[in-house]
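Scroll down for the structure; my scribbles are underneath it.
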Amino acid sequence: MTHIRTRAVHAGQQPDAASGAIATPITQSTAFAYGSLERGAAIFAGEAEGFRYGRYGNPTVAALEAKMANLEGAEAAVAFASGTAATAAVVLSLLAPGDELLFLGPLYGGTEGLLRSMGERWGLRVTDATMIGLEAAWSPATRMVWVEPLTNPSLRLHDLEAVAQIASARGAITVADNTFCTPCLVRPLAHGIDLVVHSMTKYLGGHGDATGGVVAGDAARIAQVRKTGLGHIGASLAAQESFLFLRGIKTLPLRMEAHCDGALAVAQFLEHQSAVRSVFYPGLASHPQHTLAKRQMQGGFGGMVTFELARAERAAAADVLDALQLFAQAVSLGDVDSLACHPASTTHSFVSPEVRAIAGVGEGMIRLSVGIEHPDDLVADLAQALARAGN
Ligand SMILES: Cc1ncc(COP(=O)(O)O)c(C=O)c1O
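Per the working numbering, the sequence shown starts with residue 1, numbered consecutively.
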């Protein structure tokens with residue numbers, strides 16, 4: 001199974017031993033019979049394979065974890081009830097009071113909010129190293145570096161190999177949130193990163209109908225994250241949701257190809273519109289990090305496109321967004337349906353004007369999550385919206 005299309009279908013799953021069912025059954029059980037006292041003792045001691053209690057693990061969830069470990073090229077993975085729960089579990093299990101976490105931003109706002117509030121309450125130092133760089137920001141207390149390979153909403157890249165080199169030379173753990181890229185486009189572990197986090201709610205599920213998260217990496221760290229995140233915090237993913245993710249991931253490589261094709265067509269169209277001041281898409285030669293994108297992103301440049309209107313006002317963005325017919329106005333991303341949002345009034349409405357300026361979020365900015373519809377229809381929708389809005 002060398003090709004990702006094959007692994008997305010088969011990894012972690014085989015026909016059910018009891019029934020022969022090809023689709024992994026939803027195992028709706030919180031308790032699991034272990035048969036004998038000695039086998040129960042061995043399962044609890046971690047010396048025998050087996051399920052003990054729903055909060056710690058479940059066969060449907062385990063199949064999803066095995067599939068995600070395979071796709072990310074990791075020894076192990078652990079699933080959570082949301083991407084946010086996965087993030088919290090990594091930080092709480094691997095850091096201690098007094099430790100410093102450096103991040104390269106801008107991060108997803110929810111992640112930054114979580115890190116900062118946890119930092120205050122639990123005595124962690126959380127430092128934004130984006131402007132000064134990791135080496136200048138480094139301190140003796142630095143234990144973890146958090147990075148998103150492709151940032152939201154301005155679609156800048158961070159060089160994972162460079163990050164991994166700096167951090168591993170100094171003994172810190174590196175974590176990459178790979179939600180925007182998926183293992184189809186970027187495999188952070190292959191670039192030397194230690195742990196990968198996902199909001200599976202986005203491309204991995206792909207249909208906008210399930211919330212979940214996952215962490216993949218080496219077996220020892222994943223065991224720690226599992227113990228804290230599931231055993232102590234109880235942020236376990238339900239079996240039904242796991243079934244939806246298992247089903248969604250089977251078509252992930254096909255969907256990503258369609259997302260990438262559509263996004264490139266949309267970005268190329270927007271780049272030639274007089275009403276558009278700038279387009280951010282790593283697949284465009286005009287993107288300042290196009291060379292890095294070609295090196296780091298394999299097989300496509302993602303499904304997100306962000307652009308700024310020449311008339312950089314909220315009213316201009318509203319005119320365009322309100323005229324769109326195929327793109328729904330919503331903040332999530334990675335669905336088969338195309339979505340559009342105004343970051344300044346939604347995803348970035350809670351951050352300070354300074355942080356918004358650093359992230360490059362202006363009032364005339366629109367972020368698109370390009371779905372899998374035909375690119376010609378998406379381009380036509382944008383063309384009519386720009387024309388109707390008089391932009
Ligand atoms: C990059 C990124 N990471 C993490 C999250 C949080 O995921 P969830 O909503 O599944 O908790 C999101 C949500 O938008 C995200 O975009």
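Cβ atoms here follow ideal geometry from the backbone N, Cα and C, with glycine treated the same way.
- Between the C-alpha atoms of Gly-12 and Asn-70 there is a straight-line separation of about 8 Å.
- Taken atom to atom, the span from the alpha-carbon of Pro-15 to that of Leu-246 is near 14 Å.
- In the DSSP secondary-structure assignment, Ile-173 is bridged to Met-144.
- The C-beta distance from Leu-92 to Thr-130 rounds to 24 Å, too long to meet the 8 Å contact threshold.
- By the CB criterion at 7 Å, Leu-189 and Gly-73 fall inside the cutoff.
- By the Cβ neighbour-count rule, Ile-372 is buried, with 16 or more other Cβ atoms within 10 Å of its own.
- Residue pairing from DSSP places Gln-329 in a beta bridge opposite Ala-340.
- With a cutoff of 7 Å on beta-carbon distance, Ala-235 and Ile-26 are scored as not near each other.
- Nearest Cα to Ala-31 within the set Leu-155, Arg-295, Gly-192 and Gly-54: Gly-54.
- In the three-state scheme derived from DSSP, where H, G and I count as helix and E and B as strand, Ile-193 is classed as coil.
- A check of alpha carbon separations from Leu-150 across Asp-209, Trp-122 and His-287 identifies His-287 as the nearest.
- With 16 or more neighbouring CB atoms inside 10 Å of its own CB, Gly-109 falls in the buried class.
- It is roughly 31 Å from the alpha-carbon of Gly-364 to the alpha-carbon of Leu-134.
- Counting only the Cα atoms, Leu-324 lies some 6 Å from Asp-381.
- Boundaries of the alpha helix (DSSP H) harbouring Leu-134: 134-137, taken from the DSSP string.
- For Leu-101, the enclosing beta strand (DSSP E) starts and ends at 100-104.
- In this structure, Gly-212 lies near Glu-241, with their beta-carbon atoms less than 7 Å apart.
- Annotation for Asp-177 indicates a beta carbon within 6 Å of some heavy atom of ligand 1.
- Under the DSSP definition of a beta bridge, Val-379 lacks any partner.
- Excluding sequence positions up to five before and after Gln-165, its CB lies within less than 8 Å of the CB of Gly-192, all in the same chain and listed in chain order.
- Between Pro-282 and Ala-265, the gap from beta carbon to beta carbon reaches 7 Å or more.
- Using a cutoff of 6 Å, the CB of Tyr-203 does not count as near ligand 1, since none of the ligand's heavy atoms is closer than that.
- In its chain, beyond the 5 residues on either side, Phe-32 and Gly-57 have a beta carbon closer than 6 Å to the beta carbon of Phe-51.
- Residue nearest to Val-61 within the set Ile-43, Ala-48, Ala-81 and His-207 is Ala-81 (criterion: CA-CA distance).
- A heavy atom of ligand 1 is found nearer than 6 Å to the CB of Gly-83.
- Secondary structure note for Gly-217: its beta strand (DSSP E) is the uninterrupted segment 213-217.
- Not one heavy atom of ligand 1 lies closer than 6 Å to the C-beta of Thr-346.
- Three or more beta-carbon pairs separated by less than 8 Å link the segment 192-207 to the segment 329-342, which places the two stretches in contact.
- Rounded to whole angstroms, Gly-171 and Gln-224 show a C-alpha spacing of 18 Å.
- By the neighbour-count criterion, in which 16 or more other beta carbons inside 10 Å mark a residue as buried, Glu-308 falls on the buried side.
- Distance check between Leu-94 and each of Lys-227, Ala-315 and Gly-40 places Lys-227 closest, using alpha-carbon atoms only.
- Under the DSSP assignment, Met-118 falls outside any beta strand (DSSP E), being part of the alpha helix (DSSP H) whose first and last residues are 109-122.
- The bridge partners DSSP lists for Arg-125 are Glu-100.
- As computed with DSSP, Tyr-53 is found in a beta bridge with Ala-31.
- A direct Cα-Cα distance of roughly 10 Å separates Val-214 from Thr-84.
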